[in-house]
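To get our numbering, take the position in the sequence shown, counting from 1, and add 37.
A short write-up of the structure that comes next.
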Amino acid sequence: MAATLRRLSVIKSVRNSLKGIFLNKPFIQKQLCLPWSSPCLSFSSDYQFGSPNTEVSSNVGLETSGGIVNEGFLRWRNGGGTCHSSALIDSSALVEVGAVVHENAVLGAEVHVGSGTVIGPSVKIGPSTRIGYNVSISNCSIGDSCVIHNGVCIGQDGFGFYVDEFGNMVKKPQTLNVKIGNRVEIGANTCIDRGSWRDTVIEDDTKIDNLVQIGHNVIIGKCCLLCGQVGIAGSVTIGDYVALGGRAAVRDHVSIVSKVRLAANSCVTKNITEPGDFGGFPAVPIHEWRKQIVRAQISNKRKT
Numbered sequence: 038m039a040a041t042l043r044r045l046s047v048i049k050s051v052r053n054s055l056k057g058i059f060l061n062k063p064f065i066q067k068q069l070c071l072p073w074s075s076p077c078l079s080f081s082s083d084y085q086f087g088s089p090n091t092e093v094s095s096n097v098g099l100e101t102s103g104g105i106v107n108e109g110f111l112r113w114r115n116g117g118g119t120c121h122s123s124a125l126i127d128s129s130a131l132v133e134v135g136a137v138v139h140e141n142a143v144l145g146a147e148v149h150v151g152s153g154t155v156i157g158p159s160v161k162i163g164p165s166t167r168i169g170y171n172v173s174i175s176n177c178s179i180g181d182s183c184v185i186h187n188g189v190c191i192g193q194d195g196f197g198f199y200v201d202e203f204g205n206m207v208k209k210p211q212t213l214n215v216k217i218g219n220r221v222e223i224g225a226n227t228c229i230d231r232g233s234w235r236d237t238v239i240e241d242d243t244k245i246d247n248l249v250q251i252g253h254n255v256i257i258g259k260c261c262l263l264c265g266q267v268g269i270a271g272s273v274t275i276g277d278y279v280a281l282g283g284r285a286a287v288r289d290h291v292s293i294v295s296k297v298r299l300a301a302n303s304c305v306t307k308n309i310t311e312p313g314d315f316g317g318f319p320a321v322p323i324h325e326w327r328k329q330i331v332r333a334q335i336s337n338k339r340k341t
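What follows is the structure, given as structure tokens:
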């Protein structure tokens with residue numbers, strides 16, 4: 038009787054082990070599609086943004102991934118987003134479901150990436166930066182403690198074309214990057230183009246409202262304010278502490294000195310070389326603009 042019981046116990050244990058093998062077989066086959074190399078392991082390291090002494094942990098690869106999504110991509114355990122195996126992501130970063138982080142991207146500590154957002158290849162995002170829903174970021178580096186609101190597009194090609202000798206419209210190469218400093222806030226549905234002959238730069242502590250267009254090669258200094266629907270054409274240079282009112286526009290290749298305030302609905306068509314308040318189309322010093330308005334009102338009254 039004892040021998041029979043031992044035999045049944047052995048058969049039951051063998052059956053359970055075979056059952057586990059068959060159930061796990063599809064998952065094992067999917068895992069074999071991934072290369073077992075150091076880039077895959079670096080995906081799960083506790084990466085510190087900007088630290089040259091980063092050490093890659095090789096024993097947490099399976100802990101930080103929630104399963105294989107596609108060849109080269111894994112499910113990030115903190116939020117359920119999809120991340121490439123070569124990305125360097127701090128263990129405290131949150132990548133929500135539906136977000137995608139592409140190869141060689143770098144996400145620092147406490148970064149928050151919202152659903153629907155796409156982080157392109159080789160993008161670098163500093164610690165404590167928060168990115169909203171449906172954001173597209175490519176060809177870009179972002180500093181610390183920035184806020185990127187919903188629907189923002191950063192790093193796409195600028196609007197540059199020329200007509201060749203055959204009369205065809207030809208696109209100018211747009212191959213450079215966008216560099217965003219620390220504590221920058223970018224409002225919803227704002228677009229910032231990558232550079233063509235120099236990088237597009239937004240320096241520290243600048244705040245940008247919704248629906249702002251910033252063209253390629255633009256340089257914006259620190260602590261600037263750009264209100265809603267501002268449009269800045271390509272290759273503009275703006276100094277520090279500049280405030281642009283709603284729907285203001287700046288022509289291409291124009292330079293604006295620091296500490297300038299531009300009234301709403303104004304347009305800068307030539308360089309502004311002295312600080313102060315400006316307004317009108319074309320923009321002139323504010324007292325001249327007010328005189329123009331008074332003269333226009335008087336002229337209209339005389340005609341009537």
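Yeah, the Cβ is synthetic: ideal placement off N, Cα and C, and Gly gets one too.
The DSSP-derived three-state label of V279 is coil. The distance from the Cβ of S233 to that of K259 is about 24 Å, inconsistent with a contact at the 8 Å cut-off. In this structure the segment 135-144 touches the segment 159-176; the number of beta carbon pairs closer than 8 Å is three or more. For H121, the three-state secondary structure derived from DSSP is strand. When secondary structure is reduced to three states using DSSP, Q334 falls in the helix class. Per DSSP, the continuous beta strand (DSSP E) segment holding F198 begins and ends at F198 to V200.
Nearest in C-alpha terms to G169, of all of G180, S175, G195 and E133, is E133. CA-to-CA, the gap between W113 and A225 works out to about 26 Å. Straight across, the Cα-Cα distance linking E202 with Q211 is about 21 Å. In this chain, the beta strand (DSSP E) harbouring C228 covers C228 to D230. Taking C-alpha positions only, T243 is separated from N171 by approximately 22 Å. When DSSP reads this structure, E311 sits in no beta bridge, so it has no partner. In the DSSP assignment, T154 falls outside any beta strand (DSSP E) and carries neither an H nor an E. As the crow flies, the alpha-carbon of Y278 is around 17 Å from that of V305.
Relative to A286, the option among I269, P322, S336 and K340 whose CA is nearest is I269.
DSSP places S178 in the uninterrupted beta strand (DSSP E) bounded by C177 to I179. Inclusion of V291 and K307 in the CB contact set at 8 Å is warranted, their separation being smaller than that value. Excluding its 5 nearest sequence neighbours in each direction, A300 has C-beta neighbours in its own chain below 6 Å: G282 and G316, listed in chain order.
Annotated as proximal: R284 and Q266, with beta-carbon spacing under 8 Å.
Going by beta carbons, G180 and H253 fall outside the 8 Å limit.
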